[in-house]
Each structure stands twice: as C-alpha cells, then as structure tokens.
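**Student:** Chains as they are written, first to last, in the numbering used here: chain A, 1 to 305; chain B, 1001 to 1305.
We put the CB at the ideal spot given by N, CA and C, even for glycine.
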C-alpha cells in the first residue's frame, strides 16, 4: 500500500477531528487536528486543511454517527439523527465530493477503525472480522469479504438487549433501551452504577461481572452472525482495564457453549484480541475507506470500456 | 432471468431433497424429489437426476447445516458437524464440482431461501434483506449488496440468548443454550412447553407471549446489524399461526424503541412481511446460488483477459 496514491483521510469525532494525508501507517505525510465545534466551522476548517494539500486521489471519511450510508437514499453521506447539538442532518460526504473532484468513501468511525485494524492492525490479512469499541458508547463494525457489512444502515449492535446475570436488575443508562449492552457496559454505565469512572474502578469490583457478562453476549452475537474470523477490541474501558480480556474470553466461550465449530474459535486468545492501532485506527481506517472508493470508481470505469 | 441459462438447483433437506432444472419461477423445466437417507445413497440419486439433464450452466446447492462455506478452508463445501446420522463431514459441493464441469454455488438452505425471496419473492428488488424461518429450528439468513452476509461461516442467529419476559424462567429446549431464541420459540420448544404442537395451539394460549417476545428480540438484533431493508418470515410456526405477525411487529417496535431511524422502519407492516415463495424458496434460492457462481466465474475470466 506504500506505493498507493495518498488519500485525504478524515476522522470526525465528538470532540476533535483528525485530517491525515497518507497511504498507510508507513506513509503519513500530514496530520492535523481540528476541534469539533459547530458543523460549518468544523467542516470549513477541514476544507481549509485539504485545500492546502495536493495530489490526494480520494477522500475517506469515518464519522461519529448515526450516518446515512444508503446510496439509494437522498440523505446519503449525512450525519443523521445525532443528539450532538447542531449536527443532526449535516451533509458531510456530498459536501467534500462537490468541492474536490475525487471519489469519497464514507462510513462510521467504527467501521473505519475495523477496516484500519483489518488492513494494518490486529486483523491484518483477514478478509472478515469484527471490531468492537467499549468507551463512551459501545460500537461494533464488521468487515466481510474485505468490505463493510451494511445495507439499510450501519450496525448498532452495542444496543442489543441481552439476558441479565441472575439477581441483577439494575436498570442501565441507555435512554432508548435501559439495560442494553451499551446501557450496562459503557463507560458512563459503569460510572453511573458505581459512582467511579471505569479507569479508576478496582479490578475486583463486583460491577465488572455485569459488564463482562453483557459484553460476552455481544461477542457471542457477533460470532453467531457468522462473519468474524477474529474480534478486535478497543475503546477506553477495555484498554484501561486489561484484566477484562481474559474474563471476556471465558464468558464468551460460556455464552456460545460450543455451538459454532470452526478452528478459529478453538482458541479464544487468538479470537478475541486487543486492537493494535490505538487512536490511529480511525484516520488509517479512513485511508482504507478512501482507497476503496477509488478502487470502486476504477472498477466502474474499467467495466464501461 | 427467464433468458438466463438453466441452473441445476439442489435443496438438501433433512427428510427430502429437491432437484430443479430452472432459470426462475417462470422457467422451471424439471423438478424431482429424492428422499434424504444415507449420504452416498442420497447424493448418488441426485447425481443420477443431473446426469439425465443437459445444458445447465451451473449448479446451486442450498443445504441443511451446518456447512462450511469458507473457501479458505479444506472442508469448504462440506456438511460439517450435523447431528444427522451419517451426514457429519459429508463432501457435497466439491463432489458435484468434480463430476460436472460447471461452477457450483453452495450455501445453507436458509441463505438460499433468502436469495430466492430477494430475487422473486417478498423481497423482490431489494439488495439487502433478512429471511427468518421459524419451524423445527430457527434460522436467519441475510443478504447485503445482493450477496450472502458471511465470513468465517454462515449465520446462526437463531441461537442468540435474549432477555426473558418478566417471571418466565422456563428452561428452554436448546441442547446448547437452553433458552436461546430457538430454545424458546421453535416448534419443538412450543410442543415441549405446552404439550401441544404449535399448529394446534390456541391463539390465546399464554405460551405465545414468550414465543413472540423471543422472536421480537431476534428481529431487533437483525435490525441492529444494519443490514435488512425488510425481514421476510417463513417456516411452519409463523405460517401456521398468522395471528403472530401483528404481535411480532408490535413487540419488535417495542424492543427497538425508536432507536434506528430510517424510513424503511417506520411502517412495520412493510418491514416484517410473510415469505412469498413458500416451499419454492429453497430450490429457487439454489437457482440464484448457481447463477451467482456462474457470474463470479465469468467475472474472473473477464479480469484475466
């Protein structure tokens, strides 16, 4: 990929955006951070950055969501129903496509990170994986046959409802579902339940049992989609609490109880693994999104000949 | 598709197999049934049928599972860890590919039915849908961008564990998970719980509440994958009990609680719909599997030129 043309990669986050001119982790030419404020201010600042760059062949954008990735829909390329003030129904992908005459790839930040981990990180060489981030929210992105798994929209599997540990009837914090996985196991859920931030909570605090149990059912559900050859785990709650991973592996095995029989699932230590790219997964994933948009346009041009 | 070349389509079921020479529902040239007995006897009988047919351009096979659809694996094309006596580790797809010099498409019967419903049935014209069958087992297949959603293996989402209705602690019948969706809502689950077969159970029997609740969480999980523009429902339990569908729509809406906002989800009457092809979905889906294998080989040949 280092011989590949550079991509203008954008990661749009809740508090900051990263713009990166790169064709891979060994070929990062520029990297600029812009605070996420109002949409017009933020997107104009990113355009000013890109205006100063030359020679990018495509743009890739991984954005906080929800976003519309439905090319059959008039709102394609928008950030849609976000509660983030001012950002609902913000045109992102079509705006950049109109300004720069290059293909634009657009997806969620989570799917971007999944693509980045699949190309250069903990899923290197795999055509199918899941990436799960457990932090302020819980997001899951899946890649199959090298492409994002999507259709009507992107995955929101952090919001599945799961069975509860016996005797646990805490109501959870998700405003939509109460005790869905995000409502039980995200950073804000842990803080609401214990009064202590996840990164400061003792490893033997009993609240971790409920967190691990909820996350394990999410892992099992991802396995039961049939897609991932590996699940890559990131986000502050998991990165900050390395004691969770062995527990999560054991609990996932218990939830599946031997049901799916494939060699990849025999060893949970190689099936459930920590992310490798850290904060780089987002912008590097956006590089992949841009490269895929470029390849898609090239394919179409070839077919037309 | 009626101008398309005929496909030799095989649906391998637990009690019978269907062989169909067809290019679509309006172009069915032959249809033969063969009982499912021992593998060698059954597959030889199907080969004898295909030996008598001429001019098929590809073979499509939708099989009871689990099957290996992993082209990176040595067991690709096998029925794998089935409890069906004699059928574990049976080579199916490679056997037919070796005997006939045509492309062979191979997947589960459920994904086959999903493809059939997407092409000619209740999902006609949709590039993304889910098909769920509720009968002896509970199977879910998803199609995205016109292709099966898979990776390591095929979906087994009938086995997800779900929250229970308050006060319901019946243990369920799944030998792996007890009260997963299949353990709570399949035909054998209903019979075990009530002593009455699903098709004979009164519409106002209280056991239906638990069945609908479990199925609604499966529907919500499918929505949260982001894939389906519609969910198509088949199988004996749902077909035989039309009173379930309105309840299932209401319970699915309750489980999601407005979380995913897309126009397709606004009207549950057009989002959760009955299958249209009935028993034809299986063999017609196998026609699509064969046609896709043919198109894939043609693409590869074109790329090589």
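Give the secondary structure of residue 1108 of chain B by DSSP, where H, G and I count as helix, E and B as strand, and everything else as coil.
**Tutor:** Residue 1108 of chain B falls in the strand class under three-state DSSP.
**Student:** Mind checking if residue 159 of chain A is an interface residue toward chain B, Cβ cutoff 7 Å exclusive?
**Tutor:** Closer than 7 Å to some Cβ of chain B, the Cβ of residue 159 of chain A qualifies, so yes.
**Student:** Any beta-carbon of chain B closer than 7 Å to the one on residue 153 of chain A?
**Tutor:** Interface residue, yes.
**Student:** Indicate whether at least one CB of chain B lies closer than 7 Å to the CB of residue 217 of chain A.
**Tutor:** Interface residue, yes.
**Student:** In terms of DSSP beta bridges, what is residue 1033 of chain B paired with?
**Tutor:** DSSP lists B:1018 as partners of residue 1033 of chain B.
**Student:** Just to confirm my understanding: we take residue 249 of chain A, look at its own chain, exclude 5 residues before and 5 after, and list those with CB closer than 6 Å. What are they?
**Tutor:** Excluding residues within five positions, the ones whose Cβ falls inside 6 Å are 268 and 272.
**Student:** Along the beta strand (DSSP E) that carries residue 1129 of chain B, what are the first and last residues, could you check?
**Tutor:** Element bounds for residue 1129 of chain B: 1129-1134.
**Student:** Between the stretch 105-122 of chain A and the stretch 216-225 of chain A, do at least 3 Cβ pairs fall closer than 8 Å?
**Tutor:** Output reads no: the stretch 216-225 of chain A does not touch the stretch 105-122 of chain A.
**Student:** Would you tell me roughly how many angstroms separate the C-alpha atoms of residue 1259 of chain B and residue 176 of chain A, rounded to the nearest one?
**Tutor:** Taking the straight line joining both Cα atoms gives about 6 Å.
**Student:** Please report the distance separating the alpha-carbon of residue 1049 of chain B from that of residue 1293 of chain B.
**Tutor:** Cα to Cα, residue 1049 of chain B sits roughly 21 Å from residue 1293 of chain B.
**Student:** Listing by chain order, which chain A residues have their CB less than 7 Å from the CB of residue 1144 of chain B?
**Tutor:** Correct list: 149, 150 and 151.
**Student:** Taking 7 Å as the threshold (beta carbon to beta carbon), is residue 1156 of chain B in contact with chain A?
**Tutor:** Judged by the 7 Å Cβ criterion, residue 1156 of chain B is in contact with chain A.
**Student:** Can you tell me whether DSSP reads residue 1288 of chain B as helix, strand or coil?
**Tutor:** If DSSP states are grouped into helix, strand and coil, residue 1288 of chain B belongs with the helices.
**Student:** Anything in the stretch 221-254 of chain A with a Cβ closer than 7 Å to a Cβ of chain B? List those residues in chain order, please.
**Tutor:** Answer set for the stretch 221-254 of chain A: 221, 224, 225, 226, 227, 228 and 229.
**Student:** According to the Cβ coordinates, are residue 139 of chain A and residue 110 of chain A closer than 7 Å?
**Tutor:** Yes; because the gap between Cβ atoms is below 7 Å, this pair is in contact.
**Student:** Provide the residue span of the alpha helix (DSSP H) that contains residue 1374 of chain B, from first to last.
**Tutor:** A query on residue 1374 of chain B cannot be resolved here, the shown segment of chain B reaching from 1001 to 1305 and no further.
**Student:** Do residue 191 of chain A and residue 197 of chain A come within 7 Å of each other at the CB atom, strictly closer than that value?
**Tutor:** Cβ atoms of residue 197 of chain A and residue 191 of chain A: closer than 7 Å.
**Student:** Taking any Cβ of chain A, which residues in the stretch 1065-1081 of chain B have a Cβ under 9 Å from it, in chain order?
**Tutor:** Result list: 1066, 1068, 1069, 1070, 1072, 1073, 1080 and 1081.
**Student:** Along chain A, in chain order, which residues have C-beta atoms closer than 8 Å to that of residue 1131 of chain B?
**Tutor:** In chain order: nothing, as chain A lies at least about 13 Å away.
**Student:** Report yes if the CB atom of residue 237 of chain A is closer than 7 Å to the CB atom of residue 275 of chain A, and no otherwise.
**Tutor:** Cβ atoms of residue 237 of chain A and residue 275 of chain A: not closer than 7 Å.
**Student:** For a contact meaning CB atoms closer than 7 Å, what does residue 128 of chain A contact in chain B?
**Tutor:** Chain B residues near residue 128 of chain A: 1151 and 1152.
**Student:** Is the CB of residue 1297 of chain B under 7 Å away from at least one CB in chain A?
**Tutor:** Chain A, which has no Cβ nearer than 7 Å to the Cβ of residue 1297 of chain B, makes this no.
**Student:** Which residues in chain B sit within 7 Å of residue 264 of chain A, going by Cβ to Cβ distance?
**Tutor:** Result: 1152.
**Student:** Below 6 Å CB to CB, which residues in the same chain sit around residue 1035 of chain B once its five sequence neighbours on both sides are set aside?
**Tutor:** Cβ neighbours of residue 1035 of chain B beyond the five flanking positions: 1016.
**Student:** If you draw a straight line from the C-alpha of residue 1026 of chain B to the C-alpha of residue 1182 of chain B, how long is it?
**Tutor:** Cα to Cα, residue 1026 of chain B sits roughly 35 Å from residue 1182 of chain B.
**Student:** For the pair the stretch 1143-1157 of chain B and the stretch 128-148 of chain A, tell me if three or more CB-CB distances fall below 8 Å.
**Tutor:** Yes: at least three Cβ pairs fall under 8 Å.
**Student:** Of all the CB atoms in chain A, is at least one closer than 7 Å to the CB of residue 1012 of chain B?
**Tutor:** Closer than 7 Å: no.
**Student:** Any beta carbon from chain A within less than 7 Å of residue 1306 of chain B's own beta carbon?
**Tutor:** Here chain B has residues from 1001 to 1305 only, and residue 1306 of chain B is not among them.
**Student:** Does any residue of chain D bring its CB to less than 7 Å from the CB of residue 1261 of chain B?
**Tutor:** Considering every chain present, this structure includes no chain D. Its protein chains are A and B.
**Student:** How should residue 1052 of chain B be labelled, buried or exposed, when 16 other C-beta atoms within 10 angstroms of its C-beta is the threshold for buried?
**Tutor:** By the 10 Å Cβ count, residue 1052 of chain B comes out exposed.
**Student:** Measuring CB to CB, does residue 166 of chain A end up less than 7 Å from residue 216 of chain A?
**Tutor:** In this structure, residue 216 of chain A does not lie closer than 7 Å to residue 166 of chain A by Cβ.
**Student:** Mind checking if residue 1206 of chain B is an interface residue toward chain A, Cβ cutoff 7 Å exclusive?
**Tutor:** Not an interface residue.
**Student:** Measuring only the C-alpha atoms, how far is residue 168 of chain A from residue 179 of chain A?
**Tutor:** Distance between the alpha carbons of residue 168 of chain A and residue 179 of chain A: 11 Å.
**Student:** With 7 Å set as the bound, which would you pick, yes or no: does the beta-carbon of residue 267 of chain A sit closer than that to a beta-carbon of chain B?
**Tutor:** False, the Cβ-Cβ gap to chain B never drops below 7 Å.
**Student:** Mind checking who residue 1142 of chain B pairs with in its DSSP beta bridge?
**Tutor:** The partner list for residue 1142 of chain B (beta bridge, DSSP) reads B:1130.
**Student:** Give the residues of chain A in contact with residue 1163 of chain B, contact being defined as C-beta atoms less than 9 Å apart.
**Tutor:** Simply 161, 162, 163, 164 and 179.
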